[in-house]
Every structure is written in C-alpha cells, then in structure tokens.
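Have a look at the structure below before the remarks.
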Amino acid sequence: MKFKHMENPTLTPEQSLLLITKTIEETKERFKENGHILVFWGVLMLIVIGSQFILSLLELYKFTMYPVYLYPLGGVYMIYIWINERKKNMPKTIIGNILGNIGWIIGLNLMIMGFLFSDQLGDAMAPVFLLLFAFFIIVCGLTIKFRPLTIGGVLVNLIGLGSFFLDRDYHGFSMMLGAVVGLIIPGILLNYARRKAYV
Amino acid sequence: MPEEKLMFKELDPILHSQLRLSIVSILMSVDEANFNFIKDETQATSGNISIQIKKLQDAGYIKVKKSFKNNYPNTSLSISKKGIEAFENYVNSLKKYINPK
Chain A
629 MKFKHMENPT
639 LTPEQSLLLI
649 TKTIEETKER
659 FKENGHILVF
669 WGVLMLIVIG
679 SQFILSLLEL
689 YKFTMYPVYL
699 YPLGGVYMIY
709 IWINERKKNM
719 PKTIIGNILG
729 NIGWIIGLNL
739 MIMGFLFSDQ
749 LGDAMAPVFL
759 LLFAFFIIVC
769 GLTIKFRPLT
779 IGGVLVNLIG
789 LGSFFLDRDY
799 HGFSMMLGAV
809 VGLIIPGILL
819 NYARRKAYV
Chain B
312 MPEEKLMFKE
322 LDPILHSQLR
332 LSIVSILMSV
342 DEANFNFIKD
352 ETQATSGNIS
362 IQIKKLQDAG
372 YIKVKKSFKN
382 NYPNTSLSIS
392 KKGIEAFENY
402 VNSLKKYINP
412 K
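Protein chains in written order, with the working numbering: chain A, 629 to 827; chain B, 312 to 412.
Structure follows, in structure tokens:
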C-alpha cells in the first residue's frame, strides 16, 4: 500500500477488496500490544515475589515489604511508554482505550490492596490478586484475539482459585507461576508472532 | 463508453480510488488518526493526501479536526456516520460484482 507518486488509479472490484482487507489488517497489526510489556510485568512480579520469598527464608521478615516498592517503578515505566506512544502519532482506538483503562484501574486496585489492605485480606490476598489479574489477561487475550494470552489468563484464573485451598506459605509459588504462565510466556509468544508478521 | 466503465458505474466514485479507499480503510480500523499516521501508512505525498482528504471531507465521509499539539499544527481525522454507511455500501457492491448471485 504505497503511493510514492501522484497517480490514483481506478481499481477492479477484486483489487479494491484486497486493498481494503490489507489496509485494515496492516493497521490493526500495529495495535497488537507489545509483548515486551507483558514480559516486563511478569519478570517484575517474579523479582518482587522471589525476593520476598528469599527474605522470608532468611527470616528477614521486616524487609519483605521493600521489594513491593518496585511495582510503582513499573508504573513509572508505563507512563514513560505512554508518553512515547503519544509522540509517535499513534491513532486512538476504542480497543486500546478500553484495555488501557481496565489495565490502570486494576493495577491501581492491586497496589492499593497490597499496600493498605493486606491485613484485612489475610490468606485471601494472593488468590484475589490472581483472580483480578486473570480477569485482565483474559479480557486482553480475547480482545486482541491472541489465544496464548487467553489460555494464560484462564490458567492464572485456575491457579487463583486453587490458591484458596493452599497454605499461605505456598502463595508465593502460585504468584510466580501466575507471572510465568500469564505474562512471560504469552509475552514472548506475542513478540514472536509480531516478528513473524513482518517477515 | 468502455465496458469497464459501465461495469463500475454503481460503485461510489469517491471511494473507488486507491488512495481515498486506503485512507477510509485506515479510518475504519481506528477511532481517530492524525495526518502523519496516514502519511506513514500510505507513504503518499502530503499534497496528494491533502487533496484526497479534502474530497472525502467535502463528501461528508470523514471529519477533520485541526488543532495544535506541542506548538505544531495537528490534523486529526475520523470517519463520519455517512462515511461508515458509504464504506459498507461500497463493500457490499464489491461483493456483488465478485459474486453476482
């Protein structure tokens, strides 16, 4: 779809349909979420929860809250990405807006839950966290029609429900597993799918 | 009149042009796009795009909003209700040409 010259030729019906399909596909392809954002959040979750686990093993309980402060740093990184996207003249899409809004509302609530209501939530903290997180991943997967992300979200949902039956000591493992199957693996696959589409 | 022209007489002449059809197809995929995005996607010259945008705007198929972004002029384009209807009719007509039954 390149128009280097001033010509504006008439098309046959077949060429017209092909042009429409190609243009819409190419435009939509540009809006597939970048897999690196999913991988970033997955790795961040692994680092935070993994370090909390190690600190607990070392019986350094009073420091276990500190790794959580990495999440707001992740939020700062997202703002940086958002500013960059605005500079790149990327057009607005309804899907992009909906996913962006659901993402920051859920992210903010997860942070508020983690920082302010961990005592009230008690043993239900990790399962509730995983269920909210699964909801977002499933919605993203279904919206951008990317099956590995939807499957990842369903698995996180199951891990979340299963965590209600687990002892609190194992919740760290559930969260780390959730990060791997819900974010890191679908993120890597999404990056691979994008690269393949441009070959 | 050549046979080809007779064949296409029912197709919307505003949409039945390569660049205008590309612009409308892009706008059908997004909520709003600016001039530079259209330029990047079509790789057409600014002058050519401006002419086609004017034709689409005059036909009432697209809405053009001019503003300033970081002190630079910014032209935002979006498809209008009339444009959506015209596009859908155009696609249906194309399908009829390809599969007359």
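Ideal Cβ placement from N, Cα and C applies to all residues, glycine included.
Have a look at residue i and residue j and give me their C-alpha separation to the nearest angstrom.
{"i": "B:Pro411", "j": "A:Glu653", "result": "26 Å"}
{"i": "A:Glu635", "j": "B:Ile337", "result": "Annotation note: pLDDT 49 at A:Glu635 (below 50); position unreliable, coordinate value reported separately. Near 19 Å, if we compare the C-alpha coordinates of B:Ile337 and A:Glu635."}
{"i": "A:Glu713", "j": "A:Val809", "result": "27 Å"}
{"i": "A:Ile648", "j": "B:Ser333", "result": "7 Å"}
{"i": "B:Phe346", "j": "B:Ile325", "result": "19 Å"}
{"i": "A:Asp795", "j": "A:Ile787", "result": "13 Å"}
{"i": "A:Leu701", "j": "B:Leu388", "result": "35 Å"}
{"i": "A:Leu805", "j": "A:Ile812", "result": "10 Å"}
{"i": "A:Thr692", "j": "A:Gly731", "result": "26 Å"}
{"i": "A:Ser746", "j": "A:Cys768", "result": "27 Å"}
{"i": "A:Val704", "j": "B:Asn400", "result": "46 Å"}
{"i": "B:Glu352", "j": "A:Val667", "result": "28 Å"}
{"i": "A:Tyr697", "j": "A:Gly800", "result": "17 Å"}
{"i": "B:Ile360", "j": "B:Lys350", "result": "7 Å"}
{"i": "B:Ile390", "j": "A:Gly790", "result": "47 Å"}
{"i": "A:Gly742", "j": "A:Gly678", "result": "16 Å"}
{"i": "B:Met312", "j": "B:Glu321", "result": "Confidence at B:Met312 is low in this model, with a pLDDT of 44, below 50, so its placement is unreliable and the value that follows should be read with caution. For B:Met312 and B:Glu321, the distance between alpha carbons rounds to 15 Å."}
{"i": "B:Val335", "j": "A:Met803", "result": "45 Å"}
{"i": "A:Thr651", "j": "A:Val671", "result": "35 Å"}
{"i": "A:Leu675", "j": "A:Phe681", "result": "For clarity, residue 675 of chain A is Ile in the given sequence; the question names Leu instead. Answer to the nearest angstrom: the Cα atoms are 10 Å apart."}
{"i": "A:Tyr689", "j": "A:Leu683", "result": "7 Å"}
{"i": "A:Leu686", "j": "A:Asp797", "result": "14 Å"}
{"i": "B:Glu396", "j": "B:Gln329", "result": "19 Å"}
{"i": "B:Ile364", "j": "B:Ile409", "result": "28 Å"}
{"i": "A:His633", "j": "B:Leu367", "result": "With a pLDDT of only 44 at A:His633, under the threshold of 50, the placement of this residue in the model should not be trusted; the figure read from the coordinates follows. When rounded, the distance between both Cα atoms is 19 Å."}
Quick check on the DSSP output: the alpha helix (DSSP H) that includes residue i runs from which residue to which?
{"i": "A:Pro776", "result": "775-791"}
{"i": "B:Asp369", "result": "357-369"}
{"i": "A:Leu758", "result": "753-771"}
{"i": "A:Val667", "result": "663-685"}
{"i": "A:Met804", "result": "799-807"}
{"i": "B:Gln354", "result": "Per DSSP, B:Gln354 belongs to no alpha helix (DSSP H) and is neither H nor E."}
{"i": "A:Leu749", "result": "746-749"}
Quick check on DSSP: helix, strand or coil for residue i?
{"i": "A:Asn725", "result": "helix"}
{"i": "B:Asn400", "result": "helix"}
{"i": "B:Phe379", "result": "strand"}
{"i": "A:Leu639", "result": "coil"}
{"i": "B:Leu388", "result": "strand"}
{"i": "B:Asn410", "result": "coil"}
{"i": "B:Glu343", "result": "strand"}
{"i": "B:Ile325", "result": "coil"}
{"i": "A:Val827", "result": "The pLDDT assigned to A:Val827 is 36, lower than 50, so where the model puts this residue is not dependable; a value taken from the coordinates is nonetheless given after this. Note: A:Val827 maps to coil in three-state DSSP."}
{"i": "A:Leu811", "result": "helix"}
Would you mind stating whether residue i and residue j have Cβ atoms separated by less than 9 Å?
{"i": "A:Asn785", "j": "A:Leu758", "result": "yes"}
{"i": "A:Gly663", "j": "A:Gly781", "result": "no"}
{"i": "A:Ala752", "j": "A:Phe792", "result": "yes"}
{"i": "B:Lys374", "j": "B:Asn385", "result": "no"}
{"i": "A:Thr655", "j": "B:Val341", "result": "yes"}
{"i": "A:Trp710", "j": "A:Gly735", "result": "no"}
{"i": "B:Phe348", "j": "B:Tyr372", "result": "no"}
{"i": "A:Leu639", "j": "B:His327", "result": "yes"}
{"i": "A:Ala821", "j": "A:Phe764", "result": "no"}
Does the CB of residue i have a neighbour CB from chain C at under 9 Å?
{"i": "B:Ile409", "result": "The question asks about chain C, but that chain is absent: this structure's protein chains are A and B."}
Taking only heavy atoms of the ligand PLP into account, decide whether any of them is closer than 8 Å to the Cβ of residue i.
{"i": "B:Met339", "result": "Ligands in the displayed structure: none, and consequently the ligand PLP is not present."}
Which residues, taken in chain order from the region 638-656 of chain A, show a beta carbon closer than 9 Å to some beta carbon of chain B? Those would be Thr638, Leu639, Thr640, Pro641, Glu642, Gln643, Ser644, Leu645, Leu647, Ile648, Thr649, Lys650, Thr651, Ile652, Glu653, Glu654, Thr655, Lys656, in chain order.
Along the region 351-365 of chain B, where does the CB come closer than 8 Å to a CB of chain A? Name the residues. Cβ contacts with chain A come from Asp351, Glu352, Thr353, Gln354, Ala355, Thr356, Gly358, Asn359, Gln363.
Can you give me, in chain order, the residues of the region 363-395 of chain B that have a beta carbon less than 7 Å from any beta carbon in chain A? Taking 7 Å as the Cβ-Cβ cut-off against chain A, none of the residues of the region 363-395 of chain B qualify.
Please list the residues of the region 330-350 of chain B that have a C-beta atom closer than 8 Å to any C-beta atom in chain A, keeping them in chain order. If the cut-off is 8 Å between Cβ atoms, the region 330-350 of chain B has Leu330, Arg331, Leu332, Ser333, Ser336, Ile337, Met339, Ser340, Val341, Asp342, Glu343, Ala344, Asn345, Asn347, Phe348 near chain A.
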